[in-house]
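Q:
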Amino acid sequence: MSESKLSSFLLHEAEQVIKVIPVLELNTILVQGVAQGKSESTLYAFQLPVPKALWEVSLAAHIPGWPSLQSVIDGKACFSCFPDPSLPVTEGLYVFDLRKQQWIIKEKEYSFIKVQGQNLLIRKAGDEENFYLLDLATLAVSLYPRLKSMQLTKPMIEGILYPYHIGEENPLYRELSAFVKEKAAHSLVGMVEYLEWKNERIVLSYYIEEGKELDQYLLITDKDSKVLWQERIDEQLKGMALDVFMIVQQQCIYVKDKNQLRIYDLR
1 MSESKLSSFL LHEAEQVIKV IPVLELNTIL VQGVAQGKSE STLYAFQLPV
51 PKALWEVSLA AHIPGWPSLQ SVIDGKACFS CFPDPSLPVT EGLYVFDLRK
101 QQWIIKEKEY SFIKVQGQNL LIRKAGDEEN FYLLDLATLA VSLYPRLKSM
151 QLTKPMIEGI LYPYHIGEEN PLYRELSAFV KEKAAHSLVG MVEYLEWKNE
201 RIVLSYYIEE GKELDQYLLI TDKDSKVLWQ ERIDEQLKGM ALDVFMIVQQ
251 QCIYVKDKNQ LRIYDLR
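Read in the numbering used here, the sequence shown has 232 at position 232, and its numbers run on one by one without any break.
1. Do Arg232 and Asp243 have their C-beta atoms within less than 8 Å of each other?
2. Smallest Cα separation from Glu182: which of Leu219, Ala140, Asn199 and Val248?
3. For Glu168 and Glu109, what's the separation of their Cα atoms in angstroms?
4. From the DSSP output, which residues share a beta bridge with Phe79?
5. Considering only C-alpha positions, which residue in the set Ser177, Leu120, Tyr162 and Pro145 is nearest to Leu195?
6. Determine, using beta carbons only, whether Phe131 and Leu120 come nearer to each other than 8 Å.
7. Provide the residue span of the alpha helix (DSSP H) that contains Arg174, from first to last.
8. Would you mind giving the Cβ-Cβ distance between Lys238 and Glu209, rounded to the nearest angstrom? I have them listed as a contact below 8 Å.
9. Tell me which same chain residues have a C-beta within less than 8 Å of the C-beta of Asn27, skipping the five on either side of it?
10. Going by CA-CA distance only, name the one from Val57, Lys258, Val72 and Arg174 that's closest to Gln116.
11. Pick from Ala45, Ile29, Glu15 and Leu24: whose alpha carbon is nearest that of Gly37?
12. Please name the residue in Glu235, Ser68, Asn170 and Glu200 whose C-alpha comes closest to that of Val89.
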């Protein structure tokens, strides 16, 4: 295995990755890192398809509480914040223009609801009856008709490939289990994440037992099942996560040890 196709970026000490969002129109990957047990947080930008660190900005200086990156629309990163990290309640709206690298909205009285086309659906503090539409191009706010059904589904983004989640009940699971056993000498536990890229690469994320806990691995092979890359990406886990990796612009993007963004060139 060669590391020549691998790029790795380490976050600040004590920070862990909590969000990774590709911004295809800017050929950029955004990463939010958070210091454990603290509200200190950093937004990082990395270039694609040739990986390179571009810039970073401290969020704590601009967003009170515990910042949360909600979405990116037309090159604008939208944040809300958790006043209390133990409660699932967010407030405020903070928008950072990625092209200009400057804040265009810092509004404590707004609450992010969801993306609505190229705009944001929001609520205003003290108004529980109405929704409002925020136009990010003009920053104008208008009343939005009351919704009978609020659908908060995760939007599908063209150009980003996420893996299939293969459980033990799936007929493919036995085949993947045998494949991993042959290539990595590992016995699978629980779910496998699986994705084929252009019939040229196979990417797998899987778990193995290590004592009473779990270790997580990433495995990449070519179409002839030759191992191109394999590594442990996390350890001593109590549970399993979804969408551990994604493929964007021929790059496999994942996080190692919670504090490293890693990008493997699949070409």
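Just so you know, even glycine gets a beta-carbon here, dropped at the ideal spot from N, CA and C.
Note that the coordinates shown come from a computational prediction; the quantities given were computed from them, not determined experimentally.
A: Answer, in terms of the structure:
1. As a working note, residue 232 is residue 232 in the sequence shown. As a working note, residue 243 is residue 243 in the sequence shown. No Cβ-Cβ contact shorter than 8 Å links Arg232 with Asp243.
2. Reading the sequence shown from its first residue, position 182 is the one you call residue 182. Closest option to Glu182, judged by alpha-carbon separation, among Leu219, Ala140, Asn199 and Val248: Leu219.
3. Within the sequence shown, the letter at position 168 stands for residue 168. Within the sequence shown, the letter at position 109 stands for residue 109. About 47 Å.
4. Here residue 79 refers to the residue found at position 79 when the sequence shown is read from its first residue. For Phe79, the beta-bridge partners assigned by DSSP are Leu69 and Tyr94.
5. By one-based count along the sequence shown, residue 195 stands at place 195. Taking the Cα of Leu195 as reference, the smallest distance to any Cα among Ser177, Leu120, Tyr162 and Pro145 is reached at Tyr162.
6. Taking the sequence shown and counting its residues from 1, the one referred to as residue 131 is at position 131. Taking the sequence shown and counting its residues from 1, the one referred to as residue 120 is at position 120. Not in contact: Phe131 and Leu120 (Cβ atoms no closer than 8 Å).
7. Taking the first residue of the sequence shown as position 1, residue 174 is located at position 174. Where Arg174 is concerned, the enclosing alpha helix (DSSP H) starts and stops at Pro171 to Ala184.
8. By one-based count along the sequence shown, residue 238 stands at place 238. By one-based count along the sequence shown, residue 209 stands at place 209. Their Cβ separation, rounded to whole angstroms, is 12 Å, which puts Lys238 and Glu209 out of contact at 8 Å.
9. As a first step, residue 27 must be located in the sequence shown, where it is residue number 27. For Asn27, where only same-chain residues beyond five positions count, the Cβ hits under 8 Å are Gln47, Leu48, Pro49 and Gln249.
10. The residue given as residue 116 occupies position 116 in the sequence shown. Nearest Cα to Gln116 within the set Val57, Lys258, Val72 and Arg174: Val72.
11. As a working mapping, residue 37 is identified with position 37 in the sequence shown. By alpha-carbon distance to Gly37, the top candidate from Ala45, Ile29, Glu15 and Leu24 is Glu15.
12. As a working mapping, residue 89 is identified with position 89 in the sequence shown. Ranking Glu235, Ser68, Asn170 and Glu200 by Cα distance to Val89 puts Ser68 first.
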